[in-house]
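See below for the structure under consideration.
Residue numbers (the numbering used here): 1 to 375.
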């Protein structure tokens, strides 16, 4: 392992640093919207288009990676994020801010496809653990950035300027990441064959994660908790989310990835039932810990199922984006009609059903060509 770390240190550094910056950038959108609204003299509903620009950029970045799966380097995606952060820091007008959100989102989307499969491949049997470590770094940025924003008098420009400066520093230090990737050997050049059962399972898991993050606080308020308490519990949710990914770095390479994902989804469903019947606060925080394991485990299983083809990562990320974008849009309008604890009953049923389905349909999810990664 020590030799692997030495050989691929540049790639791992670029990945971890990029995910910290991705978490920081995304977590800032919510807090900066009121400031941009005042600065540009526009209604918050219009300023909210900044978030849409980010996700449109993400889709564009993933699309580029599908067309050029082996051509885009870590420095390319860092440059896109650097341009986006710099435009947001400049903030000359709302059009510039929208362009910043788009470019940052494009780098964000492309980075998920660039780093996840390459780190998984470079570290061989320890790949799942290193992938979990890299994804855990996202939570670090998401926790720290809003605190930095407050420390800078809630001013978006210096906050995004610091993000841009840090991205530039990472870009300068990431030059050897390409060499590190090449040391792992050529990527699989077999024909790309998407495996729809596990892609759908992944999309549903990320849909659950997105709804918990985006709609969970509203559900807690509906369950009778105060707004401040709901905000505190969301922070605790993210701490649990981070701890789950950090814990995977110690044993993800020793366990079956799909079993870990199915277990996490099942426990999330059980925690949701607990939230609906006993304690929304405790149940929601436990759900955060469970949700933290969704992406790293299912991504590894899906990659193995589709034989690690360069475009398989694009398909997995795209499936997750479909679930993450559309599930909250579908659930939001009906949330007021679900009752005080309806949200938790829905996700309790969904999580337990997905867990049972994952056990029952395991051969279908993995496909006949799947080979378990070596321990």
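Don't be surprised by glycine CBs; every beta carbon is placed ideally from N, CA and C.
7 angstroms CB neighbourhood of residue i in its chain, flanking five on each side removed
{"i": "residue 355", "result": "262, 265, 266, 269"}
{"i": "residue 362", "result": "258"}
{"i": "residue 234", "result": "216, 217"}
{"i": "residue 164", "result": "82, 85, 86, 89"}
{"i": "residue 96", "result": "87, 90"}
{"i": "residue 220", "result": "230, 233, 280, 284"}
{"i": "residue 314", "result": "62, 65, 66, 69, 113"}
Distance CB(residue i)-CB(residue j) smaller than 8 angstroms
{"i": "residue 296", "j": "residue 131", "result": "yes"}
{"i": "residue 347", "j": "residue 204", "result": "no"}
{"i": "residue 404", "j": "residue 129", "result": "Nothing in the structure corresponds to residue 404, since the chain is present only between 1 and 375."}
{"i": "residue 210", "j": "residue 319", "result": "no"}
{"i": "residue 201", "j": "residue 237", "result": "no"}
{"i": "residue 366", "j": "residue 358", "result": "no"}
{"i": "residue 302", "j": "residue 206", "result": "no"}
{"i": "residue 146", "j": "residue 278", "result": "no"}
{"i": "residue 167", "j": "residue 21", "result": "yes"}
{"i": "residue 47", "j": "residue 36", "result": "yes"}
{"i": "residue 223", "j": "residue 340", "result": "yes"}
Euclidean distance between Cα positions of residue i and residue j
{"i": "residue 240", "j": "residue 99", "result": "33 angstroms"}
{"i": "residue 290", "j": "residue 173", "result": "34 angstroms"}
{"i": "residue 72", "j": "residue 79", "result": "11 angstroms"}
{"i": "residue 169", "j": "residue 162", "result": "11 angstroms"}
{"i": "residue 312", "j": "residue 193", "result": "8 angstroms"}
{"i": "residue 388", "j": "residue 141", "result": "The structure shown does not extend to residue 388, since the chain is modelled only from 1 through 375, so no value can be given for it."}
{"i": "residue 160", "j": "residue 122", "result": "32 angstroms"}
{"i": "residue 196", "j": "residue 155", "result": "45 angstroms"}
{"i": "residue 255", "j": "residue 69", "result": "28 angstroms"}
{"i": "residue 229", "j": "residue 66", "result": "42 angstroms"}
{"i": "residue 149", "j": "residue 306", "result": "41 angstroms"}
{"i": "residue 12", "j": "residue 119", "result": "7 angstroms"}
{"i": "residue 152", "j": "residue 94", "result": "21 angstroms"}
{"i": "residue 18", "j": "residue 25", "result": "10 angstroms"}
{"i": "residue 342", "j": "residue 64", "result": "39 angstroms"}
{"i": "residue 16", "j": "residue 114", "result": "12 angstroms"}
{"i": "residue 352", "j": "residue 171", "result": "43 angstroms"}
{"i": "residue 158", "j": "residue 324", "result": "30 angstroms"}
{"i": "residue 349", "j": "residue 317", "result": "25 angstroms"}
For residue i, three-class secondary structure by DSSP
{"i": "residue 365", "result": "helix"}
{"i": "residue 93", "result": "coil"}
{"i": "residue 8", "result": "coil"}
{"i": "residue 73", "result": "coil"}
{"i": "residue 132", "result": "helix"}
{"i": "residue 148", "result": "helix"}
{"i": "residue 311", "result": "coil"}
{"i": "residue 279", "result": "coil"}
{"i": "residue 210", "result": "helix"}
{"i": "residue 137", "result": "helix"}
{"i": "residue 22", "result": "helix"}
{"i": "residue 194", "result": "coil"}
Contacting residues, own chain, Cβ-Cβ under 6 angstroms from residue i (five flanking each side not counted)
{"i": "residue 344", "result": "272, 275, 276"}
{"i": "residue 322", "result": "203"}
{"i": "residue 109", "result": "58, 61, 62"}
{"i": "residue 31", "result": "146, 149"}
{"i": "residue 246", "result": "136"}
{"i": "residue 76", "result": "none"}
{"i": "residue 244", "result": "289, 292, 293"}
Same chain only: Cβ atoms within 8 angstroms of residue i, ignoring 5 sequence neighbours per side
{"i": "residue 252", "result": "128, 129, 131, 132, 260, 296, 297, 300"}
{"i": "residue 242", "result": "136, 139, 140, 143, 292"}
Test: residue i CB closer than 8 angstroms to a CB of chain C
{"i": "residue 365", "result": "Given the protein chain composition of this structure (a single chain), no chain C is represented."}
Check whether the segment 94-112 and the segment 55-64 are in contact - that is, three or more C-beta pairs closer than 8 angstroms. yes
Can at least three beta-carbon pairs, one atom from the segment 133-146 and one from the segment 33-50, be found at a separation below 8 angstroms? no
Would you call the segment 327-338 and the segment 278-290 in contact, with 3 or more CB pairs under 8 angstroms? no
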